[in-house]
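K.L.:
Have a look at this one before I ask anything.
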RNA sequence: CGGGGUGUGGCGCAGCUGGCAGCGCGCAUGGUUUGGGACCAUGAGGUCGGAGGUUCAAAUCCUCUCACCCCGACCA
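In the numbering used here, the protein residues as written are 80 to 661.
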């Protein structure tokens, strides 16, 4: 491609709207253009990179037995009602009305459609496992698109679905897919880590995310350097012992005693006023879960993880209660506890029952109880881990301190089980002739986000640094002073011969100063740069420079094509055999 | 949805105590240049996000509204 003809141009100035590095570089390099909030066009350079990513993913999916197909974006809303997920997706589901006022969803994901498809195609255990997948545009009405391609409302996703005969077979498929994902990230040069995750609106039994750790990430990963435990903060567990402190568990229960605590409405104030550590208090937080008032209690030094709480409650919608709702439940905000409160569901963190003699609200303004005890003074309908893990907490598996880092979610895989296949009757006959629902899994990768993550991970102050496997072109030729001394003719010849040798070339044939060309080359980030100028031609050579290297070298013009072709091959081979990133 | 911010030529911005719509980059033409974002000359390009209002006069003041960005809530 001649740069003089390329659609899309580079800019010197960083666009005002772009904050994250990948967003700035994608715009400045002329790879994408914004159309609206969370809506982007891919320009030719960006689209070429995206297609390379797509092809790598396709190869890895095919390698493990995936079968590419294509499902529609328009999905009958009834399918979503059948699965019940129109509720959990809520407003994130884009819907449209057709001319008959019939409601259709713009697919945010395709579990419903693919399960409906399996219902028609799947008959026997001999058909299993099935691993259909597609690479297709998805629509999600995100509350807040952000970070350029990091979170958008229309995006291209590879979504694979697996149908297996039983749990064990699903586990095997799941592990196969995890390895396939690892291969994808390795080939993209991305160091992704696999972490335990909450399965969110997709639902299901288990799920893992693949994270690229970087400060621009939206998610927080809790991980343990000692044993390798890693989980999304939404999911992460931690040991709730207090380092160096002896918990009150095991002590005798002392009698409940009301004490005056004027103006002490927060855990901090109560603990200070009573000269007790925060973990000797009981924290109560109020929620409304699917319309029902809920009291969540947790040890005072811990915070409630709402994702865990939502799972514990098995509810679809969870929000903090408004102050009037708290009042009408008969609760004195700041002095609250489940003690003596009836008509509200109570959820207790698993830290609570094992504690003794905690300070709890007396449900009377200005007063707290000493020596509250779970079981004697109140009980919960659910006891579960609903605590937010924090940096420095003890690892749930080995006890070493956990670290917290931000990460970009570049893939998410789920064990769905049979709930969806049961709802949509995706069943098969097993060896005994018994009808059974298929055991499902699903596996998603967002391509645009992957592209952004690669840039976040691989750039410098000049621009993008693509791996050879992803670069929009393999080689970038800069012809300096193209009107002088045969520069053009040499540049043209190299351009033609390299292309004839199967090398993809971006050829800067513009009439522009050397600085402009070099800066654009660095910005666009093609891994090999070939400079032709009167200076190099004086010695019968051209200059070769790697984008990732500081120094450059000279190659004789006659040997340039063979030399460059070898460098491209070597780079591709080296990237392909690089160490696994996961 | 809560909080903060921004909308003026393709991009980045100034103008905002009302009085001719500007600067830099980019773009076009001509000329001089050329190894890390050259220079000179000439030129094209703007319903100042939109609607309403105040005023002799509105980019500027007032009201409403829309869009976009950031933080949070939210989010396979």
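Even for Gly, the Cβ is constructed at its ideal location relative to N, Cα and C.
Please classify residue 306 as buried or exposed, where buried requires at least 16 neighbouring CB atoms within 10 angstroms.
P.N.:
Indexing the first chain from 1 puts residue 306 at position 227. Exposed, because fewer than 16 other Cβ atoms sit within 10 Å of the Cβ of residue 306.
K.L.:
Enumerate in chain order the residues of its own chain whose CB-to-CB distance from residue 322 is below 7 Å, with the five nearest sequence positions on each side excluded.
P.N.:
Taking the first chain and counting its residues from 1, one reaches residue 322 at position 243. Reliability of the predicted coordinates at residue 322 is poor, the pLDDT of 45 falling under 50, and the value obtained from them is presented with this limitation in mind. There are no such residues.
K.L.:
Which class does residue 323 belong to by DSSP, given the choice of helix, strand or coil?
P.N.:
Counted from its first residue, the first chain places residue 323 at position 244. Confidence is the limiting factor: at residue 323 the pLDDT is only 41, short of 50, which leaves the residue's position unreliable and the question unanswerable from this model.
K.L.:
When DSSP labels each residue in this structure, what does residue 624 get in the three-state scheme?
P.N.:
In the first chain, counting from the first residue as 1, residue 624 sits at position 545. Shown here, residue 624 sits in a strand according to DSSP, grouped into three states.
K.L.:
Just the C-alpha distance for residue 462 and residue 376, rounded to the nearest angstrom, thanks.
P.N.:
Taking the first chain and counting its residues from 1, the one referred to as residue 462 is at position 383. Taking the first chain and counting its residues from 1, the one referred to as residue 376 is at position 297. So the alpha carbons of these two residues sit roughly 10 Å apart.
K.L.:
If you check the beta carbons only, do residue 269 and residue 617 fall under 8 Å apart?
P.N.:
In the first chain, residue 269 corresponds to position 190, counting from 1. In the first chain, residue 617 corresponds to position 538, counting from 1. For residue 269 and residue 617, no; Cβs fall outside 8 Å.
K.L.:
Report yes or no: do three or more beta-carbon pairs, one from the stretch 482-497 and one from the stretch 280-294, lie closer than 8 Å?
P.N.:
Between the stretch 482-497 and the stretch 280-294, the count of Cβ pairs shorter than 8 Å is three or higher; the stretches touch.
K.L.:
Ignore the nearest five residues each way along the sequence and tell me which others in residue 627's own chain have a CB closer than 6 Å to its CB.
P.N.:
Along the first chain, one-based indexing puts residue 627 at 548. Cβ within range, chain order: 544.
K.L.:
What is the rounded straight-line gap between the Cα of residue 521 and the Cα of residue 625?
P.N.:
Reading the first chain from its first residue, position 442 is the one you call residue 521. Reading the first chain from its first residue, position 546 is the one you call residue 625. Cα-Cα distance, rounded: 40 Å.
K.L.:
Quick check on DSSP: helix, strand or coil for residue 115?
P.N.:
Translated into positions along the first chain, residue 115 becomes position 36. The answer is strand: DSSP assigns residue 115 an E or B state.
K.L.:
So is the beta-carbon of residue 340 under 7 Å away from any non-hydrogen atom of the ligand ADP?
P.N.:
As for the ligand ADP, it is missing from this structure, which has no ligand bound.
K.L.:
Compare the Cα-Cα distances from residue 341 to each of 649, 335, 197 and 352 and report the closest residue.
P.N.:
In the first chain, the residue the question calls residue 341 occupies position 262. Of the candidates 649, 335, 197 and 352, the one whose C-alpha sits nearest the C-alpha of residue 341 is 352.
K.L.:
Considering only the beta carbon of each residue, do residue 136 and residue 263 sit closer than 8 Å?
P.N.:
Stepping through the first chain from its first residue, residue 136 is reached at position 57. Stepping through the first chain from its first residue, residue 263 is reached at position 184. Yes, these two residues count as a Cβ contact at 8 Å.
K.L.:
Taking the C-alpha atoms as reference points, what is the distance between residue 164 and residue 513?
P.N.:
Here residue 164 corresponds to residue number 85 of the first chain, with the count starting at 1. Here residue 513 corresponds to residue number 434 of the first chain, with the count starting at 1. Taking the straight line from one Cα to the other gives about 28 Å.
K.L.:
Less than 8 Å between the C-beta atoms of residue 662 and residue 313, yes or no?
P.N.:
Because the chain in this structure spans residues 80 to 661, residue 662 falls outside the shown range and cannot be described.
K.L.:
Does the Cβ of residue 86 have 16 or more other Cβ atoms within 10 Å, making it buried, or fewer, making it exposed?
P.N.:
As a first step, residue 86 must be located in the first chain, where it is residue number 7. The C-beta of residue 86 has fewer than 16 other C-beta atoms within 10 Å across all chains shown, which makes the residue exposed.
K.L.:
Rounded to the nearest angstrom, what separates residue 344 and residue 337 at their Cα positions?
P.N.:
On the first chain, position 265 is the one that residue 344 refers to. On the first chain, position 258 is the one that residue 337 refers to. Cα-Cα distance, rounded: 15 Å.
K.L.:
Given a threshold of 16 other Cβ atoms within 10 Å of its Cβ, counted over all protein chains shown, does residue 371 qualify as buried or as exposed?
P.N.:
Within the first chain, residue 371 is the residue found at index 292, counting from 1. Classification for residue 371: exposed.
K.L.:
How many Å lie between residue 592 and residue 649 at the Cα?
P.N.:
Walking along the first chain from the start, residue 592 turns up at place 513. Walking along the first chain from the start, residue 649 turns up at place 570. Looking at the two C-alpha atoms, the distance is approximately 32 Å.
K.L.:
Quick check on the burial criterion: 16 or more other C-beta atoms within 10 angstroms. Buried or exposed for residue 442?
P.N.:
One-based indexing of the first chain puts residue 442 at position 363. Looking at its Cβ environment, which holds 16 or more other Cβ atoms inside 10 Å, residue 442 is buried.
K.L.:
Please identify the residue among 475, 509, 594 and 95 whose C-alpha is closest to the C-alpha of residue 208.
P.N.:
For this step, residue 208 is matched to residue 129 along the first chain. Closest by alpha carbon: 509.
K.L.:
Residues in the same chain with beta-carbon distance under 6 Å from residue 497, minus the five sequence neighbours each way, listed in chain order, please.
P.N.:
In the first chain, residue 497 corresponds to position 418, counting from 1. Setting aside the 5 residues that flank it on each side, residue 497 is surrounded in the same chain by 516 and 518, each with a C-beta closer than 6 Å to its C-beta; the list follows chain order.
K.L.:
Could you tell me the alpha carbon to alpha carbon distance between residue 325 and residue 357, rounded to whole angstroms?
P.N.:
The residue given as residue 325 occupies position 246 in the first chain. The residue given as residue 357 occupies position 278 in the first chain. Any reading at residue 325 must be qualified, since the residue scores a pLDDT of 46, below 50, and its modelled position is unreliable; the value itself is stated next. Cα to Cα, the separation comes out at about 13 Å.
K.L.:
What separation, rounded to the nearest whole angstrom, lies between the Cα atoms of residue 304 and residue 97?
P.N.:
By one-based count along the first chain, residue 304 stands at place 225. By one-based count along the first chain, residue 97 stands at place 18. Roughly 34 Å between the two C-alpha positions.
K.L.:
On the CB-based measure, 16 or more other CB atoms within 10 Å of its CB, does residue 369 come out buried or exposed?
P.N.:
Working through the first chain from its first residue, we reach residue 369 at position 290. Residue 369 should be labelled exposed.
K.L.:
Excluding five sequence neighbours on each side, which residues of the same chain lie with their C-beta closer than 6 Å to the C-beta of residue 491?
P.N.:
Stepping through the first chain from its first residue, residue 491 is reached at position 412. Within the same chain, residue 491 has close Cβ partners 288 and 523.
K.L.:
The alpha helix (DSSP H) spanning residue 255 covers which residue range?
P.N.:
Looking up residue 255 in the first chain gives position 176. Element bounds for residue 255: 246-267.
K.L.:
Just to confirm, are residue 452 and residue 424 a CB contact at a threshold of 8 Å?
P.N.:
Against the first chain, residue 452 aligns to sequence position 373. Against the first chain, residue 424 aligns to sequence position 345. It is not a contact, given that the beta carbons lie outside the stated cut-off.
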